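Asker: Structure in structure tokens, see below.
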Amino acid sequence: MATVLVASNRGPVSYVLGEDGSLDARRGGGGLVSGLSAVSSQDSLWVCAALGAGDREAVRRGVGEPGVRMLDIEQDTYADAYNGIANSVLWFLHHHLYDVPREPVFDAEFRRRWDAYRSYNRAFAEALAAEADDGAAVLVQDYHLALVPGQLRELRPDLRIAHFTHTPWASPEYLRMLPDDIREELLRGMLGADQLGFHTKEWAAAFRGCAGDRAADTRVEVYPLGVDGEELRALAYRPGVDERLAGLREEVGDRKTIVRVDRTELSKNILRGLLAYRELLTAHPEWRDRVVHLASAYPSRQDLESYRAYTASVATLADEINAEFGTPDWQPVLVSVKDDFPRSLAAYRLADVALVNPVRDGMNLVAKEIPVVSEGGCALVLSTGAGAYDELKEDALTVNPFDVSETAEALHTALSMPAAERADRSKRLAATATALPPQRWFLDQLEALRA
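This is how it looks when you write it as structure tokens:
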């Protein structure tokens, strides 16, 4: 039994099944892992889903890390809940991504998948109910588990339950696309919590607008996640990162750099970022052969056709820019499509300009990470759609994410910025970025829930 429980789709550890049948445990990172480390492992439990064959085999063999319980949910149920609802419906709703003339379509197939989503959430609720001490604190994470608070409240009314949403929350108008009964079930699930957390005031206000008067019985709070500056800098100066940095310096030469690091997620706005870079080279030809765009675009959710098409479009546009402007000695865009964190950290260190221009994003920690790590100080071009916008807007160059021309001019301004001003802005951005590191972010929520 545990007094503090965390529930999330992905856990802090994963298992790789070797050809000889061995299981190799690999620890994950991120804000949640760092945050929960502030609580004694003897008193805490992390409940998560078994995601791959190695995880499922570990559950079947009874192999596990202390303080972690993996749920081996039936694979078809998991696929329908995760891809069919969480990533194909809730993600699109909260990020306002639907191509409305064509989507969404809520038919019998949708309702079958919603049944799976309900069952997936129920498995978590039952596991948490079974593992929690009397009056324990339960912190449920993200849109994958939006029904858990309400389901858990029915099973264990004695528990203190919080839910944190790491994405935006849909506007009332957008959420009304859902069938009435499904929308009510979603809101009822969330409102089963004593406390709801969001990254920004805007996303918290959107939830209140959707819930109306019913939100009065649930505390809706704002907890903007920051970065652990000390840990991030330590990671950025490991030997493997130094090697990647040497390689990038050889490719870039003495040119300035514009850096972005994203998954090829539809909300990240990578295509308009590339269009803005092309317009920069067109409107300001003085930057030709004097700047390189380092774009890390890791393929994401490639089992969804819309994501495969988007990833292909990013690669095609980068190739077009290189063909239009490139010379034998200069490649304008260097795209990395591998999930290579050491290379990303090396790019952070090399950044003169950071481009973070999502159309709508829960936080986007990259906007906070690059100023912390950049060696010479970086200018941040930041869209109003980033969750980090409210915190960083005073020291960033802010843009409308849909305005390619404005973004191109912001890139020009950033590249032209005097080194001293760029360094000063970067220091202030880094100070803001590290003001609420993961441990503090987690403990603030836990303390408020117990109060």
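Under the numbering used here, the residues of the sequence shown are numbered 4 to 454, in order.
For each residue, glycine too, the CB sits at the ideal point set by N, CA and C.
All values derive from a computational prediction rather than experimental measurement.
Compute the Euclidean distance between the alpha carbons of T435 and I373, then round it to the nearest angstrom.
Answerer: Distance between the alpha carbons of T435 and I373: 12 Å.
Asker: Which residues in the same chain as G153 place their Cβ atom closer than 6 Å to its Cβ, once the five residues preceding and following it in sequence are excluded?
Answerer: R191, G192, G195, listed in sequence order.
Asker: Please state if the CB of P404 and the CB of V362 are separated by a distance shorter than 9 Å.
Answerer: Result yes, Cβ atoms of V362 and P404 sit closer than 9 Å.
Asker: State buried or exposed for P15, treating a residue as buried only when at least 16 other CB atoms are found within 10 Å of its CB.
Answerer: So P15 counts as buried.
Asker: Taking 7 Å as the limit between beta carbons, can you name the residues of its chain near L278, skipping five residues before and five after?
Answerer: V407, listed in sequence order.
Asker: With DSSP as the reference, label Q45 as helix, strand or coil.
Answerer: Coil, per DSSP.
Asker: Just list the alpha helix (DSSP H) runs in the stretch 44-132, keeping only unbroken ones of 4 residues or longer that don't cross its boundaries, in chain order.
Answerer: Segments of the alpha helix (DSSP H) lying fully in the stretch 44-132: 56-64, 78-82, 94-97.
Asker: Taking just the CA atoms, how far does A111 sit from E77?
Answerer: When rounded, the distance between both Cα atoms is 21 Å.
Asker: Hey, would you say D398 sits closer than 9 Å to L368, going by beta carbons?
Answerer: Taking 9 Å as the Cβ cut-off, D398 and L368 do not qualify as a contacting pair.
Asker: DSSP state of L353, grouped into three classes?
Answerer: Helix.
Asker: Check this for me: beta carbons of L3 and S270, under 9 Å apart or not?
Answerer: Because the chain in this structure spans residues 4 to 454, residue 3 falls outside the shown range and cannot be described.
Asker: Let me confirm a value: V103 is counted as buried when at least 16 other C-beta atoms fall within 10 Å, else exposed. Which label applies?
Answerer: That one is exposed.
Asker: P182 CB to nearest chain C CB: under 9 Å?
Answerer: Reference to chain C is not applicable here, since this structure consists of a single protein chain.
Asker: Just grab the DSSP bridge partners of W333 for me.
Answerer: DSSP lists T330 as partners of W333.
Asker: Whose C-alpha, out of R346, A349, Y280, D343, is nearest the C-alpha of A321?
Answerer: When each option's Cα is compared against that of A321, the closest is Y280.
Asker: May I ask which residues mark the beginning and end of the alpha helix (DSSP H) holding H415?
Answerer: 407-419 is the extent of the alpha helix (DSSP H) around H415.
Asker: Pop quiz: A52 and Y81 are said to be a contact at Cβ under 8 Å. What is the actual Cβ separation, rounded to whole angstroms?
Answerer: 7 Å between Cβ atoms; contact.
Asker: In terms of residues, what are the limits of the alpha helix (DSSP H) holding Q305?
Answerer: Run containing Q305: none; DSSP gives neither H nor E here.
Asker: Consult DSSP for A165 and reduce its assignment to one of helix, strand or coil.
Answerer: Correct three-state label for A165: strand.
Asker: DSSP three-state label for L238, please.
Answerer: Residue state, collapsed to three classes: helix.
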